[in-house]
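J.: Just passing along the structure, written as structure tokens.
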Amino acid sequence: MSILVNEGTRVLVQGITGREGSFHTLQMLDYGTQVVAGVTPGKGGQAVEGVPVYDDVRTAVERTGANTSIIYVPAAYAADAILEAADGGIALTTCVTEGVPLWDALRVMRYLQDKPVRLIGPNCPGIITPGVTKVGIMPGHIHRPGKVGVVSRSGTLTYEVVWALTQAGLGQSTCLGIGGDAVNGTTFVDVLRLFEQDPQTEAITLIGEIGGNAEEQAAAFIADHVRKPVVAFIAGRTAPAGRRMGHAGAIIAGGNGTALHKIEALREAGVLVADQPAQIPDLLHTVLQ
Amino acid sequence: MNLDEYQAKGLFAAHGIPVPEGQVAKDPAVAREIAQQLQGRVVVKAQVQVGGRGKAGGIVLADTPDDALREASRLLGSSLKGAPVRRVLVERAADIARELYVGLIADRTARRMALLVSADGGVEIEEVARTHPERVRTLYLDPFLGLRSYHLVQAAGTLDLPRELWPSFQAIGQALYRTATETEATLAEINPLVITADSATGGGQLLAVDAKMTVDDNALFRHPDLLAMRHTADEMPAERQAREAGISYVPLDGQIGCMVNGAGLAMATMDVIKLYGGEPANFLDVGGGARAERVKTALEIILSDPRVKAVLVNIFGGITRCDEVARGIVMALEQLQTKVPLVIRLVGTNEAEGRAILEQAHLPAAASLAEGARLAVAAANAGANAGTNAESHAGGGAA
């Protein structure tokens, strides 16, 4: 088992003919992902790495049975791509695109709220069930199948942690990034709920960072609903207030969203919080014994 | 991007929100002229984006044009809570009966714009929310429906606003929402919105005495008018260079420069440096898929800070290729002729090729982030203590 993506995942790549889209289509195919279709308006009838390209999502879904999409279109068109996927019959959409305008995101989230669909991201590395399928841009070879569920707001920091886990002999059930923007389609709480229900996942690693209160909400949820052990790391203890640290969502505003506040909330919920990424495997070994 | 008060007021006024009459000045003589034209008592306000501006002496009353000249001379060129004052806003002083708070804020948890109102205006809303949460009313707005008339009726009730001011409050509320929508603001705040007491004008008018706006950086590509409001001439050269190269860079106070790919990993790298006893000199995310040229620019930016005593490069290659990064570093070092020691940690895509390039250039590679941080801290301390070490060696020799 795993969460959200598995053997039945049939991937549609939105923006497949672009530089990023075509590069990662090949990477996903190499990993064993079933990439069944691509969409780029105006380029229907072409093929990328042997994958048929369609002009629109609905046609692609009808012809190929795609059920999951990944978006690589530029920020100005990302909202449109997400809405099209939701209207085109895609149940799970991952938006890799960075820089989606906030007002676009607010409207998209409002629209999706009433639909039976899930969005991961935007501004995220995607999702991988090691050894089964990869719907994202993460380097596949650093992952190993196993029993640790990993959820993060970051990209490369997740790779750092996953690589540390793999080197320590700790495989992963599913790893996903929820995105570095201020507003995310899928939250920590959503993912914690799924990991808690997943029989393959025996422990959870949560990687947070400064800004917002997603970690505090996660802590409250863990205290009430998560029985599996959780190990966390929060980036940005040294980040100054009022400055945006790369991610649109990584900002301490009006004294809210500090790393220390998040760490305290998680510790109070019984979560082991690592001082540095390299410490996470040790803490996991402790709780998994 | 945070706008200056005068810029936000300009946008407010253009959308129909009443603001005090006034103009911005970069020169004390101009400030005097503005005061002269306005006649009577004016207020001189430093245009800096820091909280507690008034308490820090950045907002002062001037009764005569000469007073305005004197205050503007004092403020311009000075620095307020670390922010250099380059402009002052000179405007007609308001006679204030009551100070209210009205703001539109993007609430990331609710995934909505929220209208916040409080009868406790003139102080920071976060402070009111912390100390007297019951005195702040939050109304969440559906993006498809926007701000409705009934929201503002509820808000007026919370503010205990006299009924004769309801029509103008409705107009101001709608104008604020239009301003926020059209500029894609994540924050548009009137604090304080005052009820005037000025008997000359009849009093009892609503007036936006202070204004604060943040517009979404990610939406600026479709707002050239807002983009033009950025004071590019005021930027530090390193910050401008970073922005133009698409590099996220935030200078800090420490001695260890860092170059990292990815914002989360960049923050974690700073934290690990601190954990091993060092202080990060900056946050720098070189971005995904960085080519050699961008890596070179990033290193130039980091080394332009004279306080940097060592640099830690931490790259986890995914889309970014380690050999490209290594090439960029070697290229930069050939041109920069720096004596600052570098510690480099490369993992992931094309790691072996990257390490080979570093080895050829005799650059040390660290096996892990923790080791890299340790080595960088040691190198920075060695650099900072170079003088002291030389002395102790000499002392040792004499003994």
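Residue numbers (my numbering), protein chains in the order written: chain Z, 1 to 289; chain U, 1001 to 1399.
Even for Gly, the Cβ is constructed at its ideal location relative to N, Cα and C.
A quick note: this is a predicted structure, and the numbers were derived from the prediction, not measured.
For U/A1399, count the other beta carbons within 10 Å of its own beta carbon; 16 or more makes it buried, fewer makes it exposed. Which is it?
T.: Low local confidence applies: a pLDDT of 32 at U/A1399 is under 50, so the model's placement there is unreliable, and no value is given.
J.: Go ahead and pull the three-state DSSP assignment for Z/I178.
T.: Coil at Z/I178, not helix or strand.
J.: Pull the bridge partners of U/V1215 from the DSSP assignment, please.
T.: U/A1185, per the DSSP bridge assignment.
J.: Can you find a C-beta in chain U that's less than 8 angstroms from the C-beta of Z/H247?
T.: With 8 angstroms as the cut-off, Z/H247 counts as an interface residue toward chain U.
J.: Which same chain residues end up closer than 6 angstroms to Z/A168 when comparing Cβ atoms and leaving out the 5 residues on each side of it in sequence?
T.: Only P281 meet the Cβ criterion.
J.: List the residues of chain U whose Cβ lies closer than 8 angstroms to the Cβ of Z/L102, in chain order.
T.: Here the neighbours are A1106, E1184, T1186, D1216, N1218, A1219.
J.: Identify the residues that DSSP records as bridge partners of U/S1168: which are they?
T.: Note: U/S1168 sits in no beta bridge, so no partner.
J.: Less than 7 angstroms between C-beta atoms, sequence neighbours within five positions excluded: which residues of the same chain meet that for Z/M1?
T.: Within the same chain, Z/M1 has close Cβ partners D198, P199, Q200.
J.: Using beta-carbon positions only, say whether Z/V271 and Z/A235 come within less than 8 angstroms of one another.
T.: Cβ atoms of Z/V271 and Z/A235: not closer than 8 angstroms.
J.: Helix, strand or coil for U/C1322 per DSSP?
T.: Reduced to three states, the DSSP call for U/C1322 is helix.
J.: Report buried or exposed for Z/M245, applying the criterion of at least 16 other Cβ atoms within 10 angstroms of its Cβ.
T.: Under this definition Z/M245 is a buried residue.
J.: Could you tell me which of U/D1095, U/S1078, U/P1306, U/E1127 sits nearest to U/Y1101, measuring between CA atoms?
T.: Of the listed residues, the one whose Cα sits closest to U/Y1101 is U/E1127.
J.: Between the C-alpha atoms of U/G1157 and U/G1122, what's the straight-line distance to the nearest angstrom?
T.: Cα to Cα, U/G1157 sits roughly 19 angstroms from U/G1122.
J.: Output the distance between the C-alpha atoms of Z/A250 and Z/N123, rounded to the nearest integer angstrom.
T.: Cα to Cα, the separation comes out at about 12 angstroms.
J.: List the residues of chain Z whose Cβ lies closer than 9 angstroms to the Cβ of U/F1012, in chain order.
T.: By Cβ distance, chain Z contributes nothing, its closest Cβ being about 19 angstroms from U/F1012, past 9 angstroms.
J.: Can you tell which of Z/H247, Z/K262, Z/L266 has its C-alpha closest to the C-alpha of U/G1264?
T.: The option with the nearest alpha carbon to U/G1264 is Z/H247.
J.: Grab me the residues of Z/E84's own chain with a C-beta within less than 6 angstroms of its C-beta, minus the 5 sequence neighbours each way, in chain order.
T.: Around Z/E84: V57.
J.: Chain Z partners of U/L1165, CB-CB under 7 angstroms?
T.: Correct list: empty, because the minimum Cβ distance to chain Z is about 28 angstroms.
J.: Check each residue of the segment 147 to 165 of chain Z: if its Cβ is closer than 8 angstroms to any Cβ of chain U, include it; give the result in chain order.
T.: Answer set for the segment 147 to 165 of chain Z: S152, R153, S154, G155, T156, L157, T158, Y159, E160, W163.
J.: Which residues in chain U sit within 8 angstroms of Z/R107, going by Cβ to Cβ distance?
T.: The answer, in chain order, is P1143, F1144.
J.: Comparing the C-beta of Z/L205 with each C-beta of chain U, is any distance below 8 angstroms?
T.: Per the sequence presented here, residue 205 of chain Z reads as Thr, with Leu not at that position. Chain U, which has no Cβ nearer than 8 angstroms to the Cβ of Z/T205, makes this no.
J.: Any C-beta of chain U sitting closer than 8 angstroms to the C-beta of Z/Q276?
T.: Closer than 8 angstroms: yes.
J.: Of all the CB atoms in chain Z, is at least one closer than 8 angstroms to the CB of U/G1264?
T.: True, the Cβ-Cβ gap to chain Z drops below 8 angstroms.
J.: If Z/Y111 sits next to Z/M138, beta carbons under 8 angstroms apart, how far is it from one beta carbon to the other, in whole angstroms?
T.: 28 angstroms between Cβ atoms; not a contact.
J.: Quick one, which of Z/P229, Z/R10, Z/G131 has its alpha-carbon nearest Z/Y31's?
T.: For the residues Z/P229, Z/R10, Z/G131, the minimum Cα distance to Z/Y31 belongs to Z/G131.
J.: Would you say U/G1396 faces chain Z, with C-beta separation under 8 angstroms as the test?
T.: For U/G1396, the predicted structure reports a pLDDT of 34, less than 50, and the residue's modelled location is therefore unreliable. A value from the coordinates is still provided. It does not: the Cβ of U/G1396 has no partner Cβ on chain Z nearer than 8 angstroms.
J.: Determine contact between the segment 36 to 46 of chain Z and the segment 137 to 155 of chain Z, defined as no fewer than three beta-carbon pairs at a distance below 8 angstroms.
T.: The answer is no - the segment 137 to 155 of chain Z does not touch the segment 36 to 46 of chain Z, with fewer than three Cβ pairs under 8 angstroms.
J.: Are the beta-carbon atoms of U/A1072 and U/V1042 separated by less than 8 angstroms?
T.: No, they are not a contact pair.
J.: Buried or exposed: U/P1192, going by 16 or more other Cβ atoms within 10 Å of its Cβ?
T.: Result: buried.
J.: Between U/G1207 and U/A1094, is the Cβ-Cβ spacing less than 8 angstroms?
T.: One point to set straight first is that residue 1207 of chain U is Leu, not Gly, in the sequence displayed. Yes.
J.: What residue does the alpha helix (DSSP H) around Z/Y159 start on, and which one ends it?
T.: It spans 156 to 167 - the alpha helix (DSSP H) in which Z/Y159 sits, taken as one unbroken run.
J.: Run through DSSP, which three-state label would Z/D80 get?
T.: DSSP places Z/D80 in helix when its eight states are reduced to three.
J.: For Z/T238, decide whether its Cβ has a neighbour in chain U, counting only Cβ atoms nearer than 8 angstroms.
T.: At least one chain U Cβ lies under 8 angstroms of Z/T238.
J.: Anything in chain Z within Cβ reach of U/R1112, meaning under 7 angstroms, just list it in chain order.
T.: What U/R1112 touches in chain Z: L106.
J.: Along chain U, which residues have their Cβ under 9 angstroms away from the Cβ of Z/I137?
T.: Result: G1288, G1318, I1319.
J.: Where U/E1324 and U/V1117 are concerned, what is the direct C-alpha to C-alpha distance, given to the nearest angstrom?
T.: Approximately 52 angstroms, taken between the alpha carbons.
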